[in-house]
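Residue numbers (the working numbering): 58 to 750. Notes for the one structure printed next.
Now the structure itself:
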């Protein structure tokens with residue numbers, strides 16, 4: 058239903074004046090003797106009267122108010138908890154009958170003028186019929202399901218939601234904590250009686266461990282009605298039994314821990330399985346197993362921190378670097394700490410090479426071993442010796458110092474700083490920097506620039522070599538310990554300073570990637586419900602990115618099963634989506650022809666089996682009761698579906714009428730212009746055709 062009105066910004070009495078002007082204009086023009094008949098004269102006079110009156114009316118600034126009304130029928134959403142626990146622990150016959158009963162209710166209320174929708178936990182799948190729903194979702198997040206319904210139907214006439222569920226929630230918050238603007242009609246299924254069962258509830262372990270070390274894996278067992286029973290827990294790797302432990306489940310202690318010590322051999326992804334061997338009388342053995350996926354890496358990255366003399370910067374640098382638990386620093390100061398001959402991955406040289414003797418040993422050692430280094434320039438630095446090192450930056454100075462602020466280089470993209478880095482850097486106190494000219498090598502980029510007052514310069518403050526065989530960095534400021542203290546005082550932490558240093562160490566320690574083909578999963582870990590995506594990069598002989606190459610990807614599981622995929626790498630393409638996989642450790646091999654030669658890349662990734670739905674076999678009807686009570690409804694069981702249908706219809710949900718108002722200038726209506734043009738054209742044509750003078 059719609060309506061419109063014409064309103065003016067002036068008094069409506071002025072419309073009479075517009076009509077009077079039209080009458081006067083038509084009388085003056087057509088009251089004279091004419092060569093055509095009176096009938097034609099009256100028609101022409103009327104046209105002229107209409108055109109002139111309407112044009113005068115437009116001078117009053119008339120507006121058109123258009124009101125459109127839309128009637129929306131009440132909507133009932135049938136939300137189905139299609140998680141695995143519903144089918145695993147509910148009577149299959151009763152579940153099927155309940156689905157049929159709800160489908161009948163949906164069809165009946167739809168015939169009585171209601172709109173209906175079906176929603177499930179599974180994203181992207183909207184079945185047409187409730188009977189078609191399969192219960193295979195790997196997690197139960199009822200809060201997300203309810204909030205999505207509220208969001209999607211907020212502008213519609215949502216009368217209520219019929220929720221079919223067992224009340225088990227294992228992801229997200231409890232839906233009872235939220236406020237809903239609609240009625241919820243829960244239909245409860247599942248069994249609320251605790252089952253006789255032993256459950257491998259969870260595993261606690263570090264996901265990253267160092268090769269050659271032993272690391273703990275702690276299994277947490279739960280049991281119901283198995284007190285004083287002996288159980289065996291088995292630790293396996295690739296189906297090989299590593300260790301067995303036998304414990305007695307204590308009466309009145311539903312949760313017990315079983316610790317294991319595992320030796321990390323080699324490097325790479327490791328897959329361990331912990332299983333409680335089944336007991337006689339267990340309700341289900343689906344929850345007797347848990348999987349652990351460990352990334353075994355080489356020992357900690359060792360960083361040599363060498364300085365010409367004690368300085369507050371040293372403590373700040375070491376504190377920032379060691380915020381990463383994979384980094385370990387070793388200190389060398391001539392006369393205080395000896396230089397340990399170790400296999401260092403990175404070196405930090407504070408004011409070395411220096412003008413005072415003692416630090417040459419550290420500089421010689423890292424140059425001899427080819428260790429990448431971060432050079433920090435200060436008053437004690439020997440600039441001539443530094444320039445001879447050819448580490449990406451040449452400094453020409455007279456020895457004077459300037460106080461500068463720091464600002465980021467927006468074009469540097471080898472690593473990212475936190476989003477508020479610019480704000481925090483601007484709060485840093487000025488640092489002392491050698492005044493002079495700086496020349497960057499072609500393989501060197503600036504991470505930070507110098508800023509004098511509010512003027513940003515093109516002089517670098519922190520540089521790093523990003524191409525070629527060498528990889529070194531230079532920080533042209535001493536006294537940066539004040540940066541860390543100031544940031545911590547202003548923002549309660551030194552996140553930007555610490556991230557800058559750890560990212561820089563990571564960049565320096567990373568091996569040069571000379572591969573022409575680089576194929577990798579977008580994430581290092583997935584769950585069995587995730588879609589797995591691979592990205593690909595190809596390079597020519599100059600290590601410049603090239604596109605459009607056909608790539609073959611083969612993914613192999615622990616059971617030696619293999620899947621193949623073909624795709625092309627593109628500048629704006631998202632790689633390839635290989636879908637979801639079962640839990641386990643996977644290896645992959647990618648091949649492509651680049652520049653007429655075959656190239657290959659290999660790697661591995663893990664898919665973690667969620668196993669959330671098998672943990673809890675006891676339905677939570679109390680949660681569904683609270684949910685109904687919070688929305689002034691009540692809980693229903695499969696035998697009460699007829700009552701549910703009557704309650705929905707008896708609620709007499711009304712249609713809603715939504716009105717929208719639109720206000721436009723009459724002069725903006727284009728078709729009126731063409732009507733006026735047509736009338737004027739007809740008048741002109743008739744006058745000329747009949748011999749107007």
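For every residue, glycine included, the Cβ atom is placed at its ideal position computed from N, Cα and C. Every value quoted in this text rests on a predicted model; they were computed, and no experiment measured them.
Alpha-carbon to alpha-carbon, residue j and residue i
i	j	result
residue 732	residue 214	42 Å
residue 28	residue 116	Since the first and last residues shown for the chain are 58 and 750, residue 28 lies out of range.
residue 507	residue 532	11 Å
residue 511	residue 546	23 Å
residue 206	residue 670	23 Å
residue 481	residue 429	28 Å
residue 167	residue 705	12 Å
residue 137	residue 680	16 Å
residue 609	residue 625	9 Å
residue 277	residue 468	49 Å
residue 501	residue 432	14 Å
residue 158	residue 700	12 Å
residue 745	residue 739	10 Å
residue 249	residue 593	50 Å
residue 461	residue 426	34 Å
residue 725	residue 483	52 Å
residue 370	residue 404	15 Å
residue 340	residue 253	6 Å
residue 678	residue 504	58 Å
Candidates the options, of which the one nearest residue i by Cα
i	options	result
residue 715	594, 700 and 125	125
residue 255	279, 376, 149 and 198	279
residue 291	406, 304 and 283	304
residue 804	400, 464 and 425	For the chain, the structure presents residues 58 to 750; residue 804 sits outside this window and is missing.
residue 424	447, 107, 643 and 664	447
residue 328	296, 308, 528 and 310	296
residue 578	650, 589 and 585	589
residue 617	320, 157, 643 and 652	643
residue 622	615, 607, 355 and 662	607
residue 558	455, 580, 386 and 324	386
residue 268	688, 236, 320 and 342	320
residue 649	615, 611, 370 and 668	611
residue 586	159, 193 and 735	193
residue 391	405, 419, 358 and 370	419
residue 494	450, 483 and 478	450
residue 647	717, 690 and 656	656
residue 515	335, 466 and 416	466
residue 709	79, 133 and 260	133
residue 411	661, 674 and 436	436
residue 331	584, 294 and 553	294
Identified DSSP bridge partners for residue i
i	result
residue 328	350
residue 662	643
residue 602	596
residue 126	716
residue 217	133 and 240
residue 530	431 and 521
residue 53	Residue 53 lies beyond the stretch modelled for the chain, which goes from 58 to 750, so this question has no answer here.
residue 275	261 and 316
residue 307	Answer is none; residue 307 lacks a bridge partner.
residue 475	BP columns for residue 475 are empty, so no partner.
residue 389	363
Any non-hydrogen atom of the ligand ATP within 7 Å of residue i CB
i	result
residue 511	This structure lacks the ligand ATP, and indeed carries no ligand of any kind.
Burial state of residue i (16 or more Cβ within 10 Å)
i	result
residue 140	buried
residue 240	buried
residue 573	buried
residue 88	exposed
residue 591	buried
residue 356	exposed
residue 199	buried
residue 312	exposed
residue 135	buried
residue 301	exposed
residue 177	buried
residue 664	buried
residue 605	exposed
residue 702	buried
Could you tell me whether the stretch 98-115 touches the stretch 72-83, where touching means 3 or more Cβ pairs closer than 8 Å? yes
Requested in this report: Decide yes or no for the touch test of the stretch 374-394 against the stretch 355-362: beta carbon pairs closer than 8 Å, at least 3 of them.
Outcome: yes
Practice prompt. Report yes or no: do three or more beta-carbon pairs, one from the stretch 257-277 and one from the stretch 345-355, lie closer than 8 Å?
Written response: yes
- Query: Given 8 Å as the limit, is there contact between the stretch 92-110 and the stretch 169-176, that is, 3 or more CB pairs closer than that?
  - Reply: no
Do the stretch 218-231 and the stretch 304-319 touch if we need at least three Cβ pairs shorter than 8 Å?
no
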